[in-house]
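Protein chains: 2
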Amino acid sequence: MNKTALYTQILQLESYLCVGLDTDPTRLPTHLRHKPEGILIFNKAIIEATQALCVSYKINTAFYEAQGTAGWEMMEKTLKMIPKDKLIIADAKRGDIGNTAQAYAQAFFEEFSFDALTIAPYMGEDSVKPFLANPDKWAILLALTSNQGSQDFQMLRLKTGELLYEKVLEKAATWGSAEQMMFVVGATQAALLPRIRRIVPGHFLLVPGVGAQGGSLEDVSKYGMNAQVGLLINASRSILYASSGEDYAEAARAEALKIQQSMKICLDKYL
Amino acid sequence: MNKTALYTQILQLESYLCVGLDTDPTRLPTHLRHKPEGILIFNKAIIEATQALCVSYKINTAFYEAQGTAGWEMMEKTLKMIPKDKLIIADAKRGDIGNTAQAYAQAFFEEFSFDALTIAPYMGEDSVKPFLANPDKWAILLALTSNQGSQDFQMLRLKTGELLYEKVLEKAATWGSAEQMMFVVGATQAALLPRIRRIVPGHFLLVPGVGAQGGSLEDVSKYGMNAQVGLLINASRSILYASSGEDYAEAARAEALKIQQSMKICLDKYL
């Protein structure tokens, strides 16, 4: 899906919500917890309950890898359940030297036909470039993450005066255009969005951290929205585990609807 | 395997070689290239040919992920072929927020019983800590990598005067002791090893980049060795693809032997 198509979808659904399928088997509703097919039943119900309210799904590969080989099969099956008009993101945070990055691009873009992959920037340009070879696919680079540990290195002040994450944004924006690259910026960092928008005015930002991690949808939208919206806000745990009972899908839908309604208001106010 | 056991093994085999099983199906010997079990036959022969000459094997997960679900099965089967007295490293360069890092630790240390995992440092302390929960397992953090892209961010000068990779070493060394943490330092960066050893004198370093990438075994050993050797030098492509003919295993053994013989000399000179 290209940038214009994504923008069009956002306007149509009045939503820039990405639903994170970080499905943790230990947090499934009780009646599904000990069924081997529990994760798939759960994911299917969540996708059906939320698809009218979101433009994207994000699969956090860790939760599937944690189930070993069987987990990769579940990921493959989950992928097939997602409607083709959604932007499907592998949240895998890969990053390695050129020939290895090439193999990861093959894994996620060809073997598993994801539309986008999250990537760690530490190894630099040649670790990112292989993900930009296919113009229909997106590389989503970590810039400023939502966790406490983001303070350790991302916020270090460089000799030139910039912070490390600012340098990452600035440099990476020369490797790939806003048509192919996005950046991860945690919702807990909303106060820094005006600075970030000065460096990357046109790029989409993938924003985790609304919900369970405490970031504000209103603040992110106010300071981060650009002329083509430019935001995908992810919610995972707050939707997936809205109820631990048999009504989990309805509860997930209600939570997604609440977010979508707030997004509709933000679109009216800030777009 | 703990640090003392690793040191003992190195002295016994007179080798600090780690053989990288970055098995690329397109580079298999011709007679194995189109067999579905080709990768497994190849890995088995390489392991048998090299196990007397190395103390560790490193599986680069990208090359297995690139084969989809079938690739994870191959990784699982390859793991079972490796003798239990070797340090088995998953070169997966993971890194994510706490609950996700926890899931990756489960994937690599429990589902797949690796001894060690490579980790990207960009997301900071809470993305690394979950890998240190089990005292028998190792976290191997990227510090200064062997590729061109290492110049982009790792070599940035901070306001405090240090380079970013030096700060990563310094900070991360406070999170885990030399008994549980190693650092990746590319062999192409041998000139910086004296500085690195001032920051982390006691830690093992995992050193890729000898062989195909052009780093010098002699220089790495001269500047990087500590009192317990403190080096695992990885070679992948130079061993795996020493011959593309039916004699690939013998050729791999000959290449590994050449490296081991050089290591024996370095141990005599620098330990």
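If you read the sequences in order, they're chains A and B.
Just so we're aligned, residue 1 is where the first sequence starts under my numbering, counting upward by one.
Just so we're aligned, residue 272 is where the second sequence starts under my numbering, counting upward by one.
Where a beta carbon is used, it is the ideal one built from N, C-alpha and C, also for glycine.
Remember, it's a predicted structure, so these values are computed and weren't measured experimentally.
Alpha carbon to alpha carbon, what distance is there between residue j and residue i?
| i | j | result |
| --- | --- | --- |
| B:E319 | B:L292 | 13 Å |
| A:G209 | A:Q151 | 15 Å |
| A:P36 | B:A376 | 21 Å |
| A:V220 | A:F114 | 26 Å |
| B:R524 | B:I330 | 18 Å |
| B:G486 | B:T459 | 4 Å |
| A:A178 | B:D518 | 49 Å |
| A:N147 | B:L435 | 20 Å |
| A:I140 | A:Q102 | 16 Å |
| A:Q260 | B:E381 | 39 Å |
| B:T332 | B:D367 | 17 Å |
| A:K269 | A:F42 | 35 Å |
| A:I265 | A:E166 | 30 Å |
| B:P354 | A:P83 | 45 Å |
| A:Q9 | A:L271 | 15 Å |
| B:D295 | A:L11 | 44 Å |
| B:G369 | A:F204 | 25 Å |
| B:G547 | A:E162 | As displayed, chain B neither begins before 272 nor continues past 542, which places residue 547 of chain B out of reach and without an answer. |
| B:Q484 | A:L32 | 50 Å |
| B:E336 | A:K93 | 14 Å |
| A:L79 | A:G186 | 25 Å |
| A:A251 | B:T431 | 50 Å |
Out of the options, state which residue places its alpha-carbon closest to the alpha-carbon of residue i.
| i | options | result |
| --- | --- | --- |
| A:E125 | A:F114, A:E166 and A:G176 | A:G176 |
| A:P135 | A:N2, A:Y270, A:M225 and A:K269 | A:N2 |
| B:R469 | B:G457, B:E441 and B:V481 | B:E441 |
| A:L267 | A:E179, A:L193, A:V229 and A:T100 | A:V229 |
| A:W138 | A:F153, A:P130 and A:A103 | A:P130 |
| B:L415 | B:E382, B:M453 and B:L282 | B:M453 |
| A:K258 | A:L11, A:L158, A:E218 and A:R195 | A:E218 |
| A:I39 | A:K77, A:Y7 and A:A5 | A:K77 |
| A:R195 | A:L205, A:Q213 and A:Y223 | A:Y223 |
| A:A172 | A:V207, A:K84 and A:M123 | A:M123 |
| A:M263 | A:Y64, A:T8, A:E14 and A:D24 | A:E14 |
| B:Q338 | B:T371, B:T297, B:Y328 and B:G369 | B:T297 |
| B:L477 | B:L429, B:T294, B:I390 and B:T431 | B:I390 |
| B:A276 | B:A498, B:D356, B:R365 and B:T431 | B:D356 |
Tell me whether residue i counts as near the ligand ATP, meaning its Cβ is closer than 7 Å to at least one heavy atom of that ligand.
| i | result |
| --- | --- |
| A:G211 | No copy of the ligand ATP appears in this structure; indeed no ligand is present at all. |
What residues of chain B sit near residue i, judged by a beta carbon separation below 9 Å?
| i | result |
| --- | --- |
| A:R157 | L429, K430 and T431 |
| A:N134 | None at all; the shortest Cβ gap to chain B is about 15 Å. |
| A:E250 | Under the 9 Å cutoff, chain B gives no residues; its nearest Cβ is about 25 Å from A:E250. |
| A:E48 | Those within 9 Å of A:E48 in chain B number zero; the least Cβ separation is about 24 Å. |
| A:R14 | Strictly speaking, residue 14 of chain A in this sequence is Glu, with Arg absent from that position. None at all; the shortest Cβ gap to chain B is about 29 Å. |
| A:A227 | Chain B residues near A:A227: none, gap ~29 Å exceeds 9 Å. |
For residue i, return the contacting residues in chain B, with the cut-off set at a CB-CB distance below 8 Å.
| i | result |
| --- | --- |
| A:D126 | N418, Q419 and G420 |
| A:W138 | Ordered by position in chain B, no residue passes the 8 Å Cβ test against A:W138, which lies about 18 Å from the chain. |
| A:L142 | Y393 and M394 |
By the criterion of Cβ-Cβ separation under 7 Å, what are the contact partners of residue i in chain B?
| i | result |
| --- | --- |
| A:D152 | G395, E396 and K442 |
| A:Q189 | Ordered by position in chain B, no residue passes the 7 Å Cβ test against A:Q189, which lies about 13 Å from the chain. |
| A:E73 | T340 |
| A:T174 | By Cβ distance, chain B contributes nothing, its closest Cβ being about 11 Å from A:T174, past 7 Å. |
Does the distance from the CB of residue i to the CB of residue j come in under 8 Å?
| i | j | result |
| --- | --- | --- |
| A:L231 | A:M225 | yes |
| B:K315 | B:M346 | no |
| B:A361 | B:L388 | yes |
| A:S127 | B:G516 | no |
| B:V439 | A:F153 | yes |
| B:P392 | B:L358 | no |
| A:L132 | A:Q180 | yes |
| B:S514 | B:G482 | no |
| A:D256 | A:L17 | Sequence inspection shows Ala at residue 256 of chain A; the Asp mentioned does not correspond to that position. Yes, these two residues count as a Cβ contact at 8 Å. |
| A:W72 | B:T340 | yes |
| A:A235 | A:V55 | no |
| B:L429 | A:L192 | no |
Listing by chain order, which chain A residues have their CB less than 8 Å from the CB of residue i?
| i | result |
| --- | --- |
| B:V439 | F153 |
| B:P465 | Result: empty, since nearest Cβ-Cβ is about 22 Å, beyond 8 Å. |
| B:F383 | G68 |
| B:E347 | G68 and T69 |
| B:Y375 | A62, E65 and A66 |
| B:T308 | Note that residue 308 of chain B is Glu in the sequence shown here, rather than Thr. Ordered by position in chain A, no residue passes the 8 Å Cβ test against B:E308, which lies about 16 Å from the chain. |
| B:L476 | Simply none; closest approach about 17 Å. |
Interface residues of chain A around residue i at Cβ under 9 Å?
| i | result |
| --- | --- |
| B:A513 | Here the premise fails: no neighbours, minimum Cβ distance about 17 Å. |
Starting from the beta carbon of residue i, find every residue of chain A whose beta carbon is closer than 7 Å, and list them in chain order.
| i | result |
| --- | --- |
| B:D367 | A62 and K93 |
| B:P392 | Y122 and F153 |
Can you list, in chain order, the stretches of the beta strand (DSSP E) that have 3 or more residues and sit fully within the segment 312-348 of chain B?
327-331
Which whole runs of the alpha helix (DSSP H) in the segment 418-443 of chain B are 4 residues long or more, in chain order?
435-443
Please list the segments of the beta strand (DSSP E) lying wholly inside the segment 354-414 of chain B, counting only runs of 3 or more residues, in order along the chain.
358-365 and 387-390
Write down every uninterrupted run of the alpha helix (DSSP H) in the segment 452-502 of chain B whose length is 4 residues or greater and which is fully enclosed by it, in chain order.
464-470 and 488-495
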